[in-house]
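**Q**
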Amino acid sequence: MNNSIDIEFDDNNVSGEPVTPRAVNNEPRDVFDDSLFTPPHDHQVGSFQPTPNGTKYWVPKVINKPVEGQVFDTLELALNAYKDYAREGGFEVRKGGQKYTKDSKDEPNNKYFYCARQGFKPPPKAGNQKTDSPQPTNPLGVTKVIKRRRRASCRCGCGAQLRLKKQPDGKYRVSKFFEKHNHSLVYEDDVKYLRASRRLTFSKQQLLNQLSNVNIGPVRSWKVLKEMIEPEVFDEHWNKIMTDFELTEHKWLQDMFELRLNWIPAYFRHEPMSGLMRTTSRSESENHFFGQLFNPHLSLIEFLSHFDTAMDSQRFKYGKNTHDSKYTTPDFKTHLQVEKEAAELYTHTVFYDVQDEIFESLFHCGSLSVLEDDESLTYMIRDLEADYTTIHGVSVEAKYEVKYVPASCDIKCSCLKYECYGLLCRHIFYVLRLSKVFHFPRKYLQRRWSKYALPNKIVTRPMDVASLSNPVECVNGVLREIYGTVEDSVTRLVTDIQKLHIYKDDLGTLLEQVKIDIPNAPEMSKKELYAAALGVKEPETVNIVAPECRNKGSVSLKRHQTQAEVAMIQSNKPPRLCNYCDTYGYHDSRNCPKKKADLDGQTA
Numbered sequence: 001m002n003n004s005i006d007i008e009f010d011d012n013n014v015s016g017e018p019v020t021p022r023a024v025n026n027e028p029r030d031v032f033d034d035s036l037f038t039p040p041h042d043h044q045v046g047s048f049q050p051t052p053n054g055t056k057y058w059v060p061k062v063i064n065k066p067v068e069g070q071v072f073d074t075l076e077l078a079l080n081a082y083k084d085y086a087r088e089g090g091f092e093v094r095k096g097g098q099k100y101t102k103d104s105k106d107e108p109n110n111k112y113f114y115c116a117r118q119g120f121k122p123p124p125k126a127g128n129q130k131t132d133s134p135q136p137t138n139p140l141g142v143t144k145v146i147k148r149r150r151r152a153s154c155r156c157g158c159g160a161q162l163r164l165k166k167q168p169d170g171k172y173r174v175s176k177f178f179e180k181h182n183h184s185l186v187y188e189d190d191v192k193y194l195r196a197s198r199r200l201t202f203s204k205q206q207l208l209n210q211l212s213n214v215n216i217g218p219v220r221s222w223k224v225l226k227e228m229i230e231p232e233v234f235d236e237h238w239n240k241i242m243t244d245f246e247l248t249e250h251k252w253l254q255d256m257f258e259l260r261l262n263w264i265p266a267y268f269r270h271e272p273m274s275g276l277m278r279t280t281s282r283s284e285s286e287n288h289f290f291g292q293l294f295n296p297h298l299s300l301i302e303f304l305s306h307f308d309t310a311m312d313s314q315r316f317k318y319g320k321n322t323h324d325s326k327y328t329t330p331d332f333k334t335h336l337q338v339e340k341e342a343a344e345l346y347t348h349t350v351f352y353d354v355q356d357e358i359f360e361s362l363f364h365c366g367s368l369s370v371l372e373d374d375e376s377l378t379y380m381i382r383d384l385e386a387d388y389t390t391i392h393g394v395s396v397e398a399k400y401e402v403k404y405v406p407a408s409c410d411i412k413c414s415c416l417k418y419e420c421y422g423l424l425c426r427h428i429f430y431v432l433r434l435s436k437v438f439h440f441p442r443k444y445l446q447r448r449w450s451k452y453a454l455p456n457k458i459v460t461r462p463m464d465v466a467s468l469s470n471p472v473e474c475v476n477g478v479l480r481e482i483y484g485t486v487e488d489s490v491t492r493l494v495t496d497i498q499k500l501h502i503y504k505d506d507l508g509t510l511l512e513q514v515k516i517d518i519p520n521a522p523e524m525s526k527k528e529l530y531a532a533a534l535g536v537k538e539p540e541t542v543n544i545v546a547p548e549c550r551n552k553g554s555v556s557l558k559r560h561q562t563q564a565e566v567a568m569i570q571s572n573k574p575p576r577l578c579n580y581c582d583t584y585g586y587h588d589s590r591n592c593p594k595k596k597a598d599l600d601g602q603t604a
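Letter by letter, the sequence shown follows residues 1 to 604 of full-length UniProt numbering.
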């Protein structure tokens with residue numbers, strides 16, 4: 001499959017649909033890489049702007065594609081053909097509407113199939129809020145907040161479609177085929193993340209059912225939320241705890257309080273902490289990661305196999321998150337342009353944090369005063385949600401100073417959230433809105449949080465198994481093809497038991513022929529098995545050997561001897577002079593019986 005794409009600009013037809021492709025004169029076009037259309041590195045960033053008198057669109061570069069006039073026997077065959085074209089082209093198919101005639105209501109006279117990104121996500125129904133909403137307080141005084149599920153949408157108004165019309169003989173003819181998309185197509189490596197790829201074969205379904213019967217289910221993870229406080233608030237609460245529990249003289253707690261500049265986040269918020277992790281968190285994450293798949297009884301081969309499985313799982317999660325960030329659009333809480341641009345720039349996980357700050361800037365921030373000089377504006381912002389109780393017995397309001405320079409679009413807040421985490425705070429978004437800055441300031445977008453932190457993948461064709469030079473890789477490739485063929489055959493024949501028996505008999509015939517050609521299967525030694533499992537070749541000569549000496553404290557490799565055997569061995573040894581008792585025997589000064597008796601007498 002080749003997912004290289006064509007990008008064209010239609011200057012003559014901007015509002016209407018481009019010309020429908022025909023079965024003839026379908027000449028190839030120039031190919032451009034999708035990385036050419038990453039957001040520009042300018043000062044002001046906005047959503048995509050169309051080119052003057054033109055429209056940008058993508059055309060899948062697929063050889064076998066539907067054409068006008070093509071006839072299908074049934075709608076199912078037409079849908080499968082369009083799905084095969086979509087799978088190779090890098091998009092998904094969604095069933096559209098149909099039209100019936102007055103005479104027949106069984107089969108539609110017209111049927112439509114669309115790109116899955118056709119249309120737009122419908123607005124929420126009346127009474128359904130997009131944000132988390134608290135329920136009324138119950139008699140016990142507890143307020144429950146309903147968490148809304150964050151579901152990103154892939155709809156972007158794409159017009160690619162396939163239209164079919166029923167013929168008098170009952171077959172369906174392609175009446176219109178529109179192949180141009182207004183969105184980028186999915187890379188070949190990301191096709192597995194599409195909804196159309198979420199199909200399990202019959203054997204995999206059976207395996208999951210067996211695992212479910214033995215109570216092996218999904219693993220749930222929990223997130224820990226941490227709240228930042230001011231240094232004065234920490235000092236106040238620390239002193240209160242020390243006084244209430246009479247710990248003012250505790251030496252260790254006093255030392256920890258003196259070192260608070262090194263371990264309390266409130267004291268080093270000016271330091272960039274966006275990529276750092278606490279040592280305890282790192283240790284716990286590593287223990288959890290290795291503890292799921294490893295145990296101390298694994299051999300080296302098993303350890304490497306389990307390690308590869310764990311790494312593949314992490315790569316799959318990373319790829320799935322990257323795919324969702326690129327090809328879906330999250331729900332918006334506001335009508336602000338800055339929120340839409342943030343969704344185009346940040347990954348979904350980071351965008352949800354930025355979205356909360358933008359939303360809170362509308363309802364929990366207010367300007368107390370503004371000081372203007374020649375170059376900058378200084379705002380005093382009050383954060384209603386972050387109001388504190390008392391510090392040293394005095395009620396304190398949460399106030400933050402935001403300095404904004406309109407000429408260079410430089411802005412800084414005293415909460416130092418951007419300096420610490422690399423994300424703009426709600427106070428900055430509030431000031432930008434007051435200053436009529438409606439676009440996201442690109443200079444404050446850190447590349448590590450964006451969708452473009454890594455370069456785009458280079459789309460390549462899969463290698464032919466026969467062209468592999470490594471014999472181990474060649475054998476593994478052939479085995480994967482055999483397993484895939486058998487698995488796909490079983491999935492298709494599982495509903496027809498008669499054909500399934502015929503398929504089993506054919507496999508048995510092939511096995512009998514293999515037994516005739518090769519009567520005895522070649523046996524592999526343990527070293528050959530290890531070499532085949534690791535994908536390496538055993539060297540003819542071994543230059544590195546294990547040392548003959550034993551490590552200190554290692555287990556003895558000799559058999560345990562009885563007391564009689566020890567006595568016989570001792571009797572064959574010549575007596576030696578003891579430096580403590582000055583007599584000849586089979587002991588020395590370390591285990592002399594007289595020395596032990598003297599020590600026992602002194603102790604008594």
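In this text, a Cβ means the ideal position worked out from N, Cα and C, and glycines have one as well.
Are the CB atoms of E344 and K451 nearer to each other than 9 Å?
**A** The answer is yes: Cβ separation under 9 Å.
**Q** Can you tell me whether DSSP reads T322 as helix, strand or coil?
**A** The answer is helix: DSSP assigns T322 an H, G or I state.
**Q** Three-state secondary structure (DSSP) at L336?
**A** Here L336 sits in coil by DSSP.
**Q** To the nearest angstrom, how far is it from the Cα of S47 to the Cα of E487?
**A** A caution first: S47 carries a pLDDT of 34, below 50, which makes its placement in the model unreliable, though a value can still be read off. Answer to the nearest angstrom: the Cα atoms are 45 Å apart.
**Q** Between R155 and Q118, is the Cβ-Cβ spacing less than 9 Å?
**A** For R155 and Q118, yes; Cβs fall inside 9 Å.
**Q** Would you mind working out which of S414, Y586, C581 and E68 sits nearest K595, comparing C-alpha positions?
**A** Selected option, being the one with the closest Cα: C581.
**Q** Start and end of the beta strand (DSSP E) containing C115?
**A** Segment N110 to C115, the beta strand (DSSP E) holding C115.
**Q** In this structure, what does DSSP give as the bridge partners for M256?
**A** BP columns for M256 are empty, so no partner.
**Q** Please report the Cβ distance between Y112 and R163, rounded to the nearest whole angstrom; I am assuming they are in contact, meaning their Cβ atoms lie under 8 Å.
**A** Contact flag correct, Cβ pair sits at about 5 Å.
**Q** Just reading off the beta strand (DSSP E) that C365 is part of, what are its end residues?
**A** Unbroken beta strand (DSSP E) run through C365: C365 to E372.
**Q** Could you give the distance in angstroms between the alpha-carbon of N25 and the alpha-carbon of K499?
**A** In this prediction, N25 scores a pLDDT of 36, lower than 50, which makes its location untrustworthy; no coordinate-derived value is stated.
**Q** In the DSSP assignment, find the alpha helix (DSSP H) that holds Q570 and state where it starts and stops.
**A** That run of the alpha helix (DSSP H) goes Q563 to N572.
**Q** Across which residues does DSSP place F178 in a beta bridge pair?
**A** Looking at the DSSP assignment, F178 forms a beta bridge with Q161.
**Q** Where does D598 fall in DSSP's three states?
**A** If DSSP states are grouped into helix, strand and coil, D598 belongs with the helices.
**Q** Does S325 pass the burial test, meaning 16 or more other C-beta atoms within 10 Å, or should it be called exposed?
**A** Its Cβ being crowded by 16 or more others within 10 Å, S325 is buried.
**Q** The alpha helix (DSSP H) with R87 in it runs from where to where?
**A** Per DSSP, R87 belongs to the alpha helix (DSSP H) from L75 to G89.
**Q** Just the C-alpha distance for V67 and H288, rounded to the nearest angstrom, thanks.
**A** Using only the alpha carbons, I get a separation of about 54 Å.
**Q** Tell me whether Y483 is buried or exposed, calling it buried when 16 or more other Cβ atoms sit within 10 Å of its Cβ.
**A** Exposed, since its Cβ has fewer than 16 Cβ neighbours within 10 Å.
**Q** Quick one: residues in its chain with C-beta nearer than 6 Å to the C-beta of V431, no 5 flanking neighbours on either side, listed in chain order?
**A** Excluding positions up to five away in sequence, the list reads Y379, V402 and Y404.
**Q** Using only CA atoms, which one of I518, K333 and E538 lies nearest to K527?
**A** Out of I518, K333 and E538, E538 has the C-alpha closest to the C-alpha of K527.
**Q** Using a Cβ-Cβ cut-off of 6 Å (strictly less than) and excluding sequence neighbours within five positions of S369, which residues of its own chain qualify?
**A** Here the set comprises M380.
**Q** Please state whether DSSP places I458 in a helix, a strand or coil.
**A** Note on I458: pLDDT 47, under 50, position unreliable in the model; the coordinate value appears next. I458 falls in the coil class under three-state DSSP.
**Q** Within 8 Å, do at least three Cβ pairs link the region 182 to 190 to the region 89 to 108?
**A** In short, these stretches touch, since the Cβ pair count reaches three.
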